[in-house]
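To start, the structure under review is shown below, and the notes come after it.
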Amino acid sequence: MLVAFWGPVHGQVRTTSNMIAIVTMLALDYQMRMLITHTHAERSTLEMAYSKLRQVDIYREVAAGMDGIENLAQCGMLTPESIKDNAESIVQDRLDLIPGLMNHDVKTFKRTLPFIFESARRYYDLTFIDVSSGTKNEISQYVLEQADLVVVNLNQNSSVLDSFFNRQDWPSVLDQKPIIYCLGSYERNSKMSIQRIASRYRVPRKNIGAVPNNYRYMDAHNEQHIIDFLLRSRTREKKFLQHDEEVYFTESVRNVGQQILHGLGMVPLQGDDFDD
7 MLVAFWGPVH
17 GQVRTTSNMI
27 AIVTMLALDY
37 QMRMLITHTH
47 AERSTLEMAY
57 SKLRQVDIYR
67 EVAAGMDGIE
77 NLAQCGMLTP
87 ESIKDNAESI
97 VQDRLDLIPG
107 LMNHDVKTFK
117 RTLPFIFESA
127 RRYYDLTFID
137 VSSGTKNEIS
147 QYVLEQADLV
157 VVNLNQNSSV
167 LDSFFNRQDW
177 PSVLDQKPII
187 YCLGSYERNS
197 KMSIQRIASR
207 YRVPRKNIGA
217 VPNNYRYMDA
227 HNEQHIIDFL
237 LRSRTREKKF
247 LQHDEEVYFT
257 ESVRNVGQQI
267 LHGLGMVPLQ
277 GDDFDD
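Numbering (our numbering), first residue to last: 7 to 282.
Okay, structure coming up:
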């Protein structure tokens, strides 16, 4: 299945950072084959976040990744196994990364995406794609059309929320898709809480979650220690949830992952997963 991570505005809703936290946690929690990638026209923070786990040289950067997959698709040689061969292992047997294109031609990339998606669906249980924000990007529009579920990344800014839910920044393709709303850099003490946002914009509570603002996560992101941070946080006692920001962060991220799986019909939701 294909899950797209998208946001209506650039640089404010933490789309890439949210996806990294949520997908990495899913890989640590579930025995599934997962793939993570992006469609940006340049290397993104996605590659940087995992750079200490990646063992690649300059040749592989050019010959493999999305560039290598695109070349195979153009030659009619793309298979599910070759998708795996051109990916990099992040969590063994659970999470692979495909670095983005170094040579980005929009028309060529769009022509090959259907073949890439078909092969990825056959090899991986879940494919997560970070796409460019806004409503004007041709590649983003195509990915949203093909996605089985869209994670819409927002924040607690009323102007961003109003513009989106008043349909000024709402892609029409979302009318036909299951949606999970993810609030990036979430501050739980803000008046604009998850409950208030859900009520004001008439969003089912089970469809909205958050990745809390957490400086330790941002440090781990910058220092490429995402997995170490999440593993350490997972071992802390949940009973101290109200007093431990790392536990609160981890449980919030885990809940969004469960919401995604539930939206895809893969796991049931727990009734207490949405206590704030």
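Glycine is no exception: its CB is placed at the ideal position from the N, C-alpha and C atoms. What you are looking at is a predicted structure, and each value in this text was computed from that prediction instead of being measured.
Contact belief for residue i with residue j at Cβ below 8 Å, rounded distance in angstroms
i: residue 158; j: residue 185; result: 6 Å
i: residue 203; j: residue 167; result: 7 Å
i: residue 29; j: residue 134; result: 5 Å
Reduced DSSP secondary structure (H/G/I, E/B, other) of residue i
i: residue 143; result: coil
i: residue 177; result: coil
i: residue 271; result: coil
i: residue 156; result: strand
i: residue 95; result: strand
i: residue 221; result: helix
i: residue 241; result: coil
i: residue 107; result: coil
i: residue 1; result: Because the chain in this structure spans residues 7 to 282, residue 1 falls outside the shown range and cannot be described.
i: residue 207; result: coil
i: residue 85; result: coil
Distance, residue j Cα to residue i Cα
i: residue 262; j: residue 242; result: 19 Å
i: residue 260; j: residue 190; result: 14 Å
i: residue 98; j: residue 181; result: 36 Å
i: residue 154; j: residue 131; result: 12 Å
8 Å Cβ shell around residue i - same chain, five flanking residues per side excluded
i: residue 66; result: At residue 66, the pLDDT of 49 sits below 50, so the modelled position is not reliable; the number obtained from the coordinates is stated separately. Taken in chain order, the list of residues that qualify is empty.
i: residue 238; result: 252
i: residue 119; result: 145, 148, 149 and 152
i: residue 219; result: 191, 192 and 193
i: residue 87; result: 129
i: residue 14; result: 139, 140, 141, 158, 160, 166, 169, 170, 175 and 176
Neighbourhood of residue i by C-beta, 7 Å cutoff - its chain only, sequence neighbours within 5 removed
i: residue 92; result: 70, 71, 74, 75 and 104
Among the options, the one whose alpha carbon lies nearest that of residue i
i: residue 192; options: 85, 228, 256 and 137; result: 256
i: residue 162; options: 137, 196, 150 and 107; result: 196
i: residue 176; options: 150, 100 and 198; result: 150
i: residue 208; options: 222, 219 and 172; result: 172
i: residue 258; options: 170, 271 and 236; result: 236
i: residue 126; options: 43, 194 and 55; result: 43
i: residue 81; options: 55, 106, 114 and 56; result: 114
i: residue 10; options: 25, 16 and 19; result: 25
beta-carbon residue i near the ligand HEM non-hydrogen atom, thresh 8 Å
i: residue 104; result: In terms of ligand content, the structure shown is empty, and the ligand HEM therefore cannot be addressed.
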